[in-house]
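*Asks:*
Number of protein chains: 2
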Amino acid sequence: MKNLYSKFSTVNETTFLHHIAYDSVIFGFSGEKLKILIMKYHNTGLYALPGGFMQRDENLNDAVRRGLKERTGLENIYLEQFYTFGDVARYKPEIMQTILEANGHHSESYQWMLNRFISVAYYALINYNDVVPTPDALSDSCDWYDMDELPYLMLDHAEIVAKALQTLRENLERKLVGTNLLPPLFTLTELQKVYEAILGEKLHRGTFQRKILGLGLLQRHEKQFLGKAHKAPFLYSFGD
Amino acid sequence: MKNLYSKFSTVNETTFLHHIAYDSVIFGFSGEKLKILIMKYHNTGLYALPGGFMQRDENLNDAVRRGLKERTGLENIYLEQFYTFGDVARYKPEIMQTILEANGHHSESYQWMLNRFISVAYYALINYNDVVPTPDALSDSCDWYDMDELPYLMLDHAEIVAKALQTLRENLERKLVGTNLLPPLFTLTELQKVYEAILGEKLHRGTFQRKILGLGLLQRHEKQFLGKAHKAPFLYSFGD
DNA sequence: TTATTATTGTCGCATTTTGAGACAATAATA
DNA sequence: TATTATTGTCTCAAAATGCGACAATAATAA
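Protein chains in written order, with numbering that gives the first Met the number 0: chain A, 0 to 239; chain B, 0 to 239.
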């Protein structure tokens, strides 16, 4: 909203690399559920993943981080590129036309946005509590949605989300990546809930703790007293 | 060579999507060694991965398969996209300029090739014996190189190769993908050599055979009599 | 103070998977 | 007929995994 004009009035077709976009699947974890950030465009009923374009003098990864910062307020995010979507079928200029018109943009300087794009897709893992979801100039909301209650997403964005989740699951077995969805200090039970949400299945507590601690990547800290009528769990942090 | 003019004279800057290229790491296996196809450009001493551009009405994956067909003569290749390289640092227009000039192309219709490109990288696994390596219009050779004896590769192509190999190793653990580097019928020892070449380590024969056969994905056929003074191994095929 | 409750850290045991050597079978040669 | 090199398969030990159990414990209730 606030930067509708500041952003677009200074931007012409030479600012961005044509034909290339990125989309990001931003995962968060809250209420024992896996969630992602979804944008809703002004006056169109269209839901989409947060995305954007690369500046002509900007690294692809930096462009994505810049967009992530704008959408979440966060820097130093865990970010992984997982696939580039390049089918002709995803080229639907009338959709971008609709979005631009709904925002009062008819200028020829946006013609480049109506061309065909391929999209490089990333997923990010962030600490839900740190995020202030922020819409961009074209959208009136940027909100968390449960992975199992997503709205209909435009273009091939549902496919992108599906592939992001699949890749995340595969990486979960290789790296201790789930910690990025939690605060710096967390209990093993919280981490187990993250794993269960991502994998979509219950895990055995004893086995899970043995495996995770066996990696030797977590540091144990003080206990966490929550005033509950049971033993207090230890807090852990990743690394250091 | 033969299609230098036929190819380029009919191609103008509106044929291809600007700013997007692909590169392919084409793996083969021969003499117990893992190899890849490398092109050498005319009169420049520049070595590079086989690559190309997308047509404006062409799926990204199809563009890559089209290029693969041209370079190897093969269709229905095992192909996997693994990363998109988009750093500004990889933009070195003077290199493309050198290549074009070495081929006598000064026309303004190739200006678009001097712009910045991002490159979507794929790796392919093919049966070495089926391939007829074929240079393109700009190069005078397209040849197999041992993975441990690669020439200096231009731009970030060495990095692309490294990431291809890393991804292939990871996928080897998940899918029975090594069979794509062998003929339709192969022995378990041959398959083991493929695994060893990719992973860069020796494997225990008994354990390897138990694991591979335990997947239940190979079909046993007749024995292979090679006239050697020892027991003849069974031949296997993937699937069916 | 003392029992109750819910959850934690950890252990033990059975099962499964993996690593590594061993041995008989066998295709060709000496 | 013995030799040689390699194969298919087995066994045994070691490691990893699945699953239940139990004492410890932080707060509450009696």
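Note that beta-carbon positions come from the ideal geometry of N, C-alpha and C, so glycine has one too.
Please confirm whether TYR82 (chain A) has its beta-carbon closer than 9 Å to some beta-carbon of chain B.
*Replies:* Closer than 9 Å to some Cβ of chain B, the Cβ of TYR82 (chain A) qualifies, so yes.
*Asks:* Would you check if the distance between the CB atom of ILE125 (chain A) and the CB atom of THR186 (chain A) is smaller than 9 Å?
*Replies:* For ILE125 (chain A) and THR186 (chain A), no; Cβs fall outside 9 Å.
*Asks:* Beta-carbon separation of LEU181 (chain A) and PHE28 (chain A) under 9 Å?
*Replies:* Yes, Cβ-Cβ distance for LEU181 (chain A) and PHE28 (chain A) is below 9 Å.
*Asks:* Under the three-state reduction of DSSP, which class applies to GLY72 (chain A): helix, strand or coil?
*Replies:* Coil.
*Asks:* What does the alpha-carbon distance come out to for the pair PHE207 (chain A) and GLY30 (chain B)?
*Replies:* Using only the alpha carbons, I get a separation of about 44 Å.
*Asks:* Could you tell me whether the stretch 14-23 of chain B touches the stretch 56-70 of chain B, where touching means 3 or more Cβ pairs closer than 8 Å?
*Replies:* Yes, the stretch 14-23 of chain B is in contact with the stretch 56-70 of chain B.
*Asks:* Answer yes or no: do GLN80 (chain B) and ALA120 (chain B) have a C-beta to C-beta separation smaller than 9 Å?
*Replies:* Result yes, Cβ atoms of GLN80 (chain B) and ALA120 (chain B) sit closer than 9 Å.
*Asks:* Does the structure place the stretch 209-229 of chain B close enough to the stretch 47-55 of chain B that three or more beta carbon pairs sit under 8 Å?
*Replies:* Touching, no.
*Asks:* Once DSSP output is grouped into helix, strand and coil, what is the label at GLN165 (chain A)?
*Replies:* Three-state result, GLN165 (chain A): helix.
*Asks:* Using 8 Å for Cβ pairs, my map puts GLY66 (chain B) next to PRO49 (chain B). What's the rounded Cβ distance?
*Replies:* Between PRO49 (chain B) and GLY66 (chain B) the Cβ distance is about 6 Å, and since that is below 8 Å, they are a contact.
*Asks:* Could you name the residues of chain B that ASN60 (chain A) contacts, counting a contact when the two beta carbons are closer than 8 Å?
*Replies:* Under the 8 Å cutoff, chain B gives GLY85, ASP86.
*Asks:* Which stretch, first to last residue, makes up the beta strand (DSSP E) that contains LYS32 (chain A)?
*Replies:* That run of the beta strand (DSSP E) goes 32-40.
*Asks:* Which one or two residues does DSSP pair with THR83 (chain B) in a beta bridge?
*Replies:* Paired residue(s): B:VAL119.
*Asks:* Return the Cβ separation of THR188 (chain B) and PRO232 (chain B) in integer angstroms, given the expectation that the two are a contact with Cβ distance under 8 Å.
*Replies:* Between PRO232 (chain B) and THR188 (chain B) the Cβ distance is about 6 Å, and since that is below 8 Å, they are a contact.
*Asks:* Under 9 Å between C-beta atoms, does SER5 (chain B) make it to chain A?
*Replies:* Here SER5 (chain B) scores only 40 on pLDDT, less than 50, and its place in the model is too uncertain to base an answer on.
*Asks:* Count the other C-beta atoms from every protein chain shown that fall within 10 angstroms of the C-beta of ALA105 (chain A), then say buried if there are 16 or more, exposed otherwise.
*Replies:* Note on residue identity: the sequence assigns His, not Ala, to residue 105 (chain A). Exposed: under 16 other Cβ atoms inside 10 Å.
*Asks:* Do you know how far the Cα of GLU169 (chain B) is from the Cα of LYS39 (chain A)?
*Replies:* If you take the alpha carbons of LYS39 (chain A) and GLU169 (chain B), they lie about 37 Å apart.
*Asks:* List the endpoints of the continuous alpha helix (DSSP H) containing PHE224 (chain A).
*Replies:* Where PHE224 (chain A) is concerned, there is no enclosing alpha helix (DSSP H), given that its DSSP letter is neither H nor E.
*Asks:* By the three-class DSSP mapping on this structure, what secondary structure does SER138 (chain A) have?
*Replies:* Residue state, collapsed to three classes: strand.
*Asks:* Residues in the stretch 111-129 of chain A with C-beta within 7 Å of chain B's C-beta atoms, listed in sequence order?
*Replies:* Correct list: ARG115, ILE117, VAL119.
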